[in-house]
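Here the structure comes first, spelled out in structure tokens, and everything after it is commentary.
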Amino acid sequence: MDGVDKEKVQRVVYEMSKGSKYFENEKRREALVMQKIQHMKSQSALLTDSDVKNHEKAADIKIKNLETQRDLSRIWMHVDLDAFYAAVETLENPTLAGKPMAVGGMSMICTANYEARKFGVRAAMPGFIACRLCPDLIFVSPNFEKYTSYSEKVRQVFHDYDPNFLARSLDEAYLDITDQCLSRNMSSEEVAEELRRRVYDLTGLTCSAGVAPNRMIAKVCSDVNKPNGQFIVPNDRAAVMAFVSSLPIRKIGGIGKVTERILKEVLSVSVCEDLIDKRGLISALFSSISTDFFLSVGLGIGGSTTPVEEPRKSLSCERTFSEISHEDGLFAKLEELADNLARELESEELQGRTITLKLKTATFEVRTRSLTLPFLVCRKEDLLIHASKLLKAELPLSLRLMGLRVSHFQGDSSFLNQRTLAEYFSVGNSAGSGSSEISLASGSSVVPSFTAEVSDKSAELSQKNGKNTDGTNSKIRDGTLVDCFFQGTDSGSALDCPPLLKEMRWIDDLQCSLCKLEIPSFLETERQEHVDFHFAELLQRRYADGFDLEAGSQGVETQTRRHLSQPYKGTLSKRGHIDRAIDSKGKRKCLSIDAFFSKD
DNA sequence: GGGGGAAGGACCA
DNA sequence: TTCCTGGTCCTTCCCCC
């Protein structure tokens, strides 16, 4: 931004943050980056000329490969609305026009209009610092409903130019305008001008556009003549290379403050062209994925085909608050988050297996603690049970932020179409249950359990060696089989997984009957284990207040998940004990089944 | 060596 | 007085097979 007294801005920001906890944390992070840079420098110093030459050769092969992927047949446009939130607020309240204004509050600013930017006020700047930079700054609270409704209008226009346009946020999108240009015999420049005019006519908002053969370059282009302008890089290799050659690496999406510093300080790379010149060192010092990325940046290649829409990977909720150190207060916050997140999960019809607790301490240190369960969860109660354990383990704490995330969603879409247990049993066991057997527990409640045979060979081998020998996880102790886990049906497994298992999923309406579960007679049998797969969850629920099954070995989980998608976690001993269970104090417990079920 | 989980961090809007 | 939120991806470390 021209006309900004950068030095003054830096000085004010420094003066205002100096000595604060935030500042101290920044210094800590800065030291870590420096350490990383030093480490990479020393690694670089160890490289011989021939090392670098060899890496250069490897990079050349990569470059050759990348060149074959260069696609100049599509015309991409990146559209970015100018100071979007601020512009919407000004449209709704014209008295704000021409005055420095920021959307956000004293703690943080979402965006600032161009008048405010002249003072150095920027998005992601705390409001109190912005106030110092620009004492007349007007604050407006964000109103996302309003922005969403404007965004929808703008998207109507986008849709006319590319029905498959990619919306990146409320104020940004990528459009493939190739067909528009061809069918209407218009240049990309004309299309961009027309689109921007239509957006303005419909909403009163101005936007900037960038046009290039791929999204990576188009994104950079939209920034060139911002605000209310456009810039075009023609679909021509030489033009792309010329544009990229002097382009500062920081302009590229994916290269942020830290990466920029590392590239500059370790490799003296500052513009994209340097990435090709330094390909040998890059290949030597960075991972293959990072090297590929840096090389494609140097070549101006990136994102020319329409990507397939990926399903969501995680869903989270986090809140910043004024410092809390009291346990009750922390758990109350957690409950709020669990409640919020459960609602979100419900509205998106998602269930996940991994729960991640995010904590930001009063000193701005960020910690995450996660837990992957053997079953899917989405209800508030379940989130809370597991997240509470994660939180408990971190106490005492003084926090300024807490967040909760669920990920590891059930990827297999067929899983979602599976029948519930209730449905399964209401139509009988006719659907290809194969080798499975259904045994009913005594009493009226219908409880499925599975039969799995443990091969004699496996048991023998286990007995002989005292450990697993053939990929199974059965163990022999005192002449009886304990620690028996399920595995898949591929050859070599001793335990056979009934296809029935794939028909199951945890459902709430079965919880009552699950609580009446009785352990069938398998405990007395010699060479046969019937394990009800609801058992693990039953235990989890039963001891929700701090009694946890110790995780089975990771390998077992892996195996089990791979084949069954519903792993059994925990250990059930043949002699009727719940073995290796851990209570809330971390003590290992051994309960008899009788004792377990006689509780309350 | 590869797969998976945990933790941390970079980056983006 | 006061430094966000929600998401993705990558890396590193470690365990287990």
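Letter by letter, the first sequence follows residues 73 to 672 in our numbering.
Ideal Cβ positions, reconstructed from N, Cα and C, are used throughout, including at glycine.
By how many angstroms is the C-alpha of VAL292 removed from the C-alpha of LYS80?
28 angstroms
Helix, strand or coil for ARG451 per DSSP?
coil
CB SER294 to CB ASP123, shorter than 8 angstroms?
no
Our contact map puts ILE289 next to GLY372 with C-beta atoms below 8 angstroms; I'd like the distance itself, whole angstroms only.
6 angstroms
Where the alpha helix (DSSP H) through MET288 begins and ends
287-294
Measuring only the C-alpha atoms, how far is GLN115 from ILE109?
10 angstroms
Which ranges would you report for the beta strand (DSSP E) in the segment 240-305 if only whole runs of at least 3 residues count?
244-248, 279-284 and 302-304
I believe CYS746 touches ALA195 by the beta-carbon criterion, under 8 angstroms. Please report the beta-carbon distance rounded to the nearest angstrom.
Residue 746 lies beyond the range of the chain shown here (73 to 672); nothing can be said about it.
Give me, in chain order, the residues of the same chain whose beta-carbon lies closer than 6 angstroms to that of HIS156; leave out the 5 immediate sequence neighbours on both sides.
The question names His, yet the displayed sequence has Phe at residue 156. Here the set comprises ASP243.
Per the contact definition of three or more C-beta pairs closer than 8 angstroms, is the segment 446-456 in contact with the segment 421-431?
yes
PHE481 in three-state terms, based on DSSP
strand
I believe GLY475 touches GLU407 by the beta-carbon criterion, under 8 angstroms. Please report the beta-carbon distance rounded to the nearest angstrom.
Contact doesn't hold; Cβ gap of about 14 angstroms is too wide.
Helix, strand or coil for SER342 per DSSP?
coil
Run of the alpha helix (DSSP H) containing PHE365, from where it starts to where it stops:
360-371
In the DSSP assignment, the beta strand (DSSP E) including ILE321 goes from what residue to what residue?
Counting along the chain, ILE321 falls outside any beta strand (DSSP E), and DSSP gives it neither H nor E.
Taking the alpha carbon of SER376 as the reference point, which residue from THR140, GLU420 and LYS218 has its own alpha carbon closest?
THR140
Do the segment 166-183 and the segment 297-315 meet, that is, are 3 or more Cβ pairs less than 8 angstroms apart?
no
Looking at the strands, I want to know which residues DSSP matches up with ASP152.
GLU244 and SER280
Range covered by the beta strand (DSSP E) that runs through MET173:
173-176
Where ALA184 falls: helix, strand or coil (DSSP)
strand
Rounded C-alpha distance that separates VAL85 from LEU138
43 angstroms
Rank LEU144, ARG256 and ALA130 by C-alpha distance to the C-alpha of GLY374 and give the top, closest one.
LEU144
Quick check: what's the CA-CA separation for HIS458 versus LEU443?
8 angstroms
Verify whether the separation of the beta carbon atoms of GLN302 and SER280 is less than 8 angstroms.
yes
Going by Cα to Cα distance, which pick from VAL341, CYS344 and LYS336 is closest to VAL105?
LYS336
Touch test, the segment 326-341 against the segment 392-405, Cβ-Cβ under 8 angstroms, three pairs minimum
no
Assuming LEU205 and TYR233 are in contact, meaning their beta carbons sit under 8 angstroms apart, how far apart are those beta carbons, in whole angstroms?
No, LEU205 and TYR233 are not in contact; Cβ-Cβ is about 39 angstroms, not under 8 angstroms.
Less than 8 angstroms between the C-beta atoms of LEU254 and PHE230, yes or no?
no
Three-state class that DSSP yields for LEU387 in the structure shown:
strand
VAL226 and THR162 - do their beta-carbons sit closer together than 8 angstroms?
no
Output needed for SER593: all residues of its chain with C-beta closer than 7 angstroms, excluding positions within five of it in sequence on either side, in chain order.
Low confidence applies here, because SER593 scores a pLDDT of 30, under 50, leaving its location unreliable; read the following figure in that light. Around SER593: no qualifying Cβ.
Which residues in the same chain have their Cβ closer than 8 angstroms to the Cβ of LYS125, if we skip the five residues on either side of it in sequence?
GLY352
Have a look at the DSSP bridge pairing and note the partners of PHE684.
Since the first and last residues shown for the chain are 73 and 672, residue 684 lies out of range.
Grab me the residues of PRO172's own chain with a C-beta within less than 8 angstroms of its C-beta, minus the 5 sequence neighbours each way, in chain order.
ALA184, ASN185, GLU187, ALA188, LYS190, PHE191, VAL193, CYS206, ASP208, LEU209 and ILE210
Straight-line CA distance for LEU387 to TYR222?
25 angstroms
Reference ARG439, options LEU367, LEU467, ILE361 and ASN412, closest by Cα
LEU467
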